[in-house]
Structures are given as C-alpha cells and as structure tokens.
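Undergrad: Below is one structure. I have some questions about it.
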Amino acid sequence: MENGAKKWCFQGNKELNASSISVRGVFNMLVSNLNKEDRRTMIRLCRADPTDFQCFRTTPVAPDAITTTVQSYRFNSYPSTVGLIEGRRAVADHLSKDLPYRLSPDNVFLTIGCTQAINIMMTVLARSGANILLPRPGYPQYEARAACVGLEVRYFDLVPERGWEVDIDSLEALADENTVAMVIINPSNPCGNVFTYEHLKKIAETARKLGIFVVSDEVYAHITFGSKPFVPMGVFASIVPVINLGSLSKRWLVPGWRLGWIATCDPDGIFEKTGIVENIKNYLDITCDPPTFMQAALPQILEKTKDSFFSHNLLIMREAANIFYDRCKEIPCLTCPHKPEGTMTVMVQINLSKLEGIIDDVDFCIKLAKEESVILLPGVTVGLKNWLRITYAVEASALEDGLGRIKSFSLRHAKMP
Ligand SMILES: *Cc1c(COP(=O)(O)O)cnc(C)c1O
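Residue numbers for the sequence shown follow the working numbering, beginning at 20 and rising by one.
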C-alpha cells in the first residue's frame, strides 16, 4: 500500500448485512420509491405506530407522570441495571392482575422498549450450537438479532385456515436437544389473531414435552376487540416456565418513549436453577437502560390509567378492523383469511394470477408506492412471500382513502379475462 500503510485489517461484517431485513429498512426503501409529483399525501399502512393521528393519543396520565418525575429532581442518576425498584414493582403488580400467582419485583427487568427485551433474550440464549423456534409469519426483530449473535433460528408455521394457530406437529418436528426456547406473539403481530386459552395450554404442554421454555411477546396484551379475550401465557407457567415481554408502546400509544420489560413467570424457580436469570442480570450489567425518570413514571402510568382510555381505543380499533375487512373484500386480488381480532396489523394474501405485470409482493409494494403513494409491508419481511402485512391503525378517513387507492391500483393491474 502507498505511504507505507499496512493492508487494512478490517472490512464490513457480512453477517450483519445478511440480518438487516427489518420493517424500518423496507419502509425506507419503499419511501424512496414514492412519486414526488403525486400531490396526494402518503398513506402509511405499514407500521404499527398510529401516533400521527389525533384519535390515537396517549392518556394525559402519562405525560403528567413524566412531568412529575422530571420536576422532582429525584431521578437524575443512573438507574440500577435491572431497573428502578418502584418501576419493577409496578410492572409486577400490573401483570399479576391476570395471573393465578403473584410476581415480585425480582421477576421484572426494565428495558428500552420491547425491542431491547427481545435483543436481551436472543443474546442470553445464544450459547454455541443452540437454536430457537420462531413463528412464521413473525416479527423480524427476532431473527435479525438472532443472526447478530449467532443463534440458529427454526420456523414453525402459523396456519391461516385455523385462525393462525400454531401448527403443533411442525413445532414438535423442529425441536432437538439443542433447542432452548420457542417464541409466541399473542395477540399476534402480524396476523391480528388472538390465541384461545385451550390453544395456549396445548402450546405449553408441547413446550414442556420438548423441555424448552416459552418467550411470550405480549406487547399487544389486552388489545383485543373480537370475541376472544387476551390470556397471558404466564397463566400456564406451572406447566412450562415463561418469559413475558412487554412495553408501554402499543397499549399506551407511546412507542417513542422506549419503555418495556422482561418478566420471568416461573413459580417453580426453573429459570433460577438453570442460570437463565443470572445470564439476564449479567447481560444487563453491560447494556444500556431506559432513562431513570421514565422508569420512575411507571407506577403512576400503570396504576392511574383509566379503563375508559383503553376501551375508547379498542372501539376505534374495532371500527378500523371492520372498515378494513369490508373494503378488503372489494379488492379482487387480495384475500384476508382471518378477520383481525387484536393488535393493529393483519395479513392478506395476494392472488398474483389475477394481476398483470406484478411479479411478487415486493414488486406490488414498490409499484403501489410509486403509483398511489400508499405504503404496505411486503409479506416476505415477516416471512410469507406474496402476502402483505397491512396496519389498519390509522384514522378512518385515511384508511378508507388508502384502501380505495389499493383497489384502483389492483383494478388498473387486473389481468384481462
Ligand atoms: C412493536 C413490537 C415490538 C417492539 O416494541 P417496542 O416497545 O416498540 O420496542 C416487539 N414485538 C412485537 C410483536 C411488536 O409488534
């Protein structure tokens, strides 16, 4: 090399690039395909962040709690790595309301949103040779982080014809002696379904038989507006130990506040015995924490939010799901196999044989962005090629407008008989 420099010893990490499929990455790609001449506003039906809209506003209890904690000047220090005791106790009490036993603050670790909770669990489980079972379709953060830390991923299917229930047989066939855990997301992003008590029990019994534990992503806990109530996986923790992941982001409509948690639901103390809790604590010692004042605001937010705030939001979501489902039936190339009954997202299948000149889901989304300024998430991002993930958590008028544009698009590209 010139000037006597040694050959550079570094290069980009290819494994990281391979794991970089993400909702936000795909979103950025689609936005770069928008037609700048189109005067209409862009409609984003691609991400579960409805906070652009007035009707999806957090409860005043939340900013009041933050203001009080900041103005007290008592929460300016670094927090302890596991989280502030007041915040941990508030989460333990909050979750215990739905469980047949009580969680203690020691069962709870506060994290930077549910995203960091996922990252921590994937990292903790990534001992050499281990594998984890993930749902397909699922939430891409799991596989992205697993790839970063060298944890092998295996997919079990969710079955659209059975309301997106877990294919228990395929689950059993995947596991071997190196399988450490399985992940479920309930209520389900991306599918919008809610698991029944009986189905969750079956999952718990299967996991027990396989000797693995369950990571239950309940970031959408209680966001259900169909006929099925939300049942936390922790109800079955005497059958199989459960790690519950959650956050304020979705239910309190504050995804930007970055406050989440890991809760160990394990009345028989199996996590303690197997060293998993020690692993989590050790990892928390070397990672970063949510801001101290945010943690300190948790008790007020969790205890004082009124039921009317939640029920009002569920009304809006139910209405949006109805609009979505009715309008979607009018779009000939799309099939929604299961009406959404929870969360903010749903999966629809593209019938490519009814379309001219659209090769796959990514192509569909790019052309839709270009021609109609509507952004949807290609199904491949969540593990199902030639499907779409649609978020209906937007204001009713924007939803109607967006679905109308998708209909025009599909009529324009319809194959002539
Ligand atoms: C949004 C979401 C997360 C991330 O939650 P944050 O609290 O925003 O980090 C995790 N899992 C699922 C299934 C989600 O939909």
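Glycine included, each C-beta is placed from N, C-alpha and C at the ideal position.
From a predicted model like this one, the values you see are computed outputs, not experimental measurements.
If you measure between the beta carbons of residue 354 and residue 65, is that distance less than 8 Å?
TA: Result no, Cβ atoms of residue 354 and residue 65 do not sit closer than 8 Å.
Undergrad: Could you tell me the alpha carbon to alpha carbon distance between residue 134 and residue 80, rounded to whole angstroms?
TA: Roughly 24 Å separates the two Cα atoms.
Undergrad: Take residue 256 and list the residues in its own chain whose beta-carbon comes closer than 7 Å to its own, dropping the five residues that flank it on each side.
TA: Within the same chain, residue 256 has close Cβ partners 284, 285 and 286.
Undergrad: Measuring from the CB of residue 73, is there a heavy atom of ligand 1 at a distance below 7 Å?
TA: Because no heavy atom of ligand 1 lies under 7 Å away, the Cβ of residue 73 does not count as near it: no.
Undergrad: Taking the alpha-carbon of residue 162 as reference, which of 272, 201 and 331 has the nearest alpha-carbon?
TA: Measuring from the Cα of residue 162, the nearest candidate turns out to be 201.
Undergrad: Let me know if residue 87 comes out buried or exposed under the rule of 16 or more other beta-carbons within 10 Å of its beta-carbon.
TA: Exposed, because fewer than 16 other Cβ atoms sit within 10 Å of the Cβ of residue 87.
Undergrad: Would you mind working out which of 123, 119 and 118 sits nearest residue 106, comparing C-alpha positions?
TA: The option with the nearest alpha carbon to residue 106 is 123.
Undergrad: Quick check on the burial criterion: 16 or more other C-beta atoms within 10 angstroms. Buried or exposed for residue 47?
TA: With fewer than 16 Cβ atoms within 10 Å of its Cβ, residue 47 is classed as exposed.
Undergrad: Among residues of its own chain, excluding the 5 on either side of residue 446, which ones have a beta-carbon nearer than 7 Å to its beta-carbon?
TA: One cannot answer for residue 446 here, as it falls past the ends of the chain, which runs 20 to 436.
Undergrad: What is the DSSP secondary structure of residue 302, reduced to helix, strand or coil?
TA: Helix, per DSSP.
Undergrad: May I ask you to list the residues that DSSP assigns as paired with residue 48?
TA: Paired residue(s): none; residue 48 is not in a bridge.
Undergrad: Just to confirm the assignment: which complete alpha helix (DSSP H) runs, minimum length 4, are found wholly within the region 307–339?
TA: Those alpha helix (DSSP H) runs which fall completely within the region 307–339 and span 4+ residues are 311–323.
Undergrad: Going by other Cβ atoms of all chains shown within 10 Å of its Cβ, with 16 needed for buried, is residue 228 buried or exposed?
TA: Its Cβ having fewer than 16 others within 10 Å, residue 228 is exposed.
Undergrad: Just reading off the alpha helix (DSSP H) that residue 82 is part of, what are its end residues?
TA: That run of the alpha helix (DSSP H) goes 80–90.
Undergrad: If you reduce the DSSP assignment to three classes, tell me which class residue 72 lands in.
TA: Coil at residue 72, not helix or strand.
Undergrad: Report back the beta-carbon spacing between residue 204 and residue 157 to the nearest angstrom; my notes put them in contact at under 8 Å.
TA: Rounded, the Cβ-Cβ distance is 7 Å, consistent with contact.
Undergrad: Below 8 Å, can you find three or more Cβ-Cβ pairs linking the region 163–179 to the region 222–242?
TA: No, the region 163–179 is not in contact with the region 222–242.
Undergrad: Quick one, which of 32, 75 and 232 has its alpha-carbon nearest residue 415's?
TA: Among 32, 75 and 232, the Cα nearest to that of residue 415 belongs to 75.
Undergrad: Take residue 173 as the anchor and find which of 140, 380, 272 and 149 has the nearest alpha-carbon.
TA: Measuring from the Cα of residue 173, the nearest candidate turns out to be 149.
Undergrad: Do residue 158 and ligand 1 come close, with the Cβ less than 7 Å from some heavy atom?
TA: Checking every heavy atom of ligand 1 against the Cβ of residue 158, one is found closer than 7 Å.
Undergrad: Thinking just about the alpha-carbon of each residue, which of 77, 336 and 403 is nearest to the one in residue 276?
TA: Looking at the Cα atoms, 77 is the closest of the given residues.
Undergrad: Below 7 Å, is the gap between the Cβ of residue 266 and the nearest heavy atom of ligand 1?
TA: The answer is yes for residue 266.
Undergrad: So, is residue 184 buried or exposed, given that buried needs 16 or more other C-beta atoms within 10 angstroms?
TA: Buried, by the Cβ-count rule.
Undergrad: Per DSSP, residue 276 is paired with what?
TA: Per DSSP, none; premise fails for residue 276.
Undergrad: Using a Cβ-based criterion (distance less than 7 Å to any ligand heavy atom), does residue 243 qualify as near ligand 1?
TA: Incorrect: residue 243 has no Cβ contact closer than 7 Å to ligand 1.
Undergrad: In angstroms, rounded to a whole number, what distance separates the CA positions of residue 324 and residue 31?
TA: The alpha-carbon atoms of residue 324 and residue 31 are separated by roughly 47 Å.
Undergrad: Taking the alpha-carbon positions, what's the residue 41 to residue 385 distance?
TA: Cα-Cα distance, rounded: 16 Å.
Undergrad: Taking the straight line between their C-alpha atoms, what separation do you get for residue 210 and residue 43?
TA: Each residue's Cα considered, the two are about 18 Å apart.
Undergrad: When you compare the CB positions of residue 213 and residue 360, do they come within less than 8 Å of one another, or not?
TA: The answer is yes: Cβ separation under 8 Å.
Undergrad: Pick from 420, 342, 350 and 268: whose alpha carbon is nearest that of residue 320?
TA: Of 420, 342, 350 and 268, the residue nearest in Cα terms is 268.
Undergrad: What does DSSP give as the partner residues of residue 397 in its beta bridges?
TA: Paired residue(s): 407.
Undergrad: Report the rounded CA-to-CA distance for residue 294 versus residue 129, giving the unit in angstroms.
TA: Each residue's alpha carbon lies about 19 Å from the other.
Undergrad: I think residue 232 touches residue 262, with their Cβ atoms under 8 Å apart; what is that distance to the nearest whole Å?
TA: 7 Å between Cβ atoms; contact.
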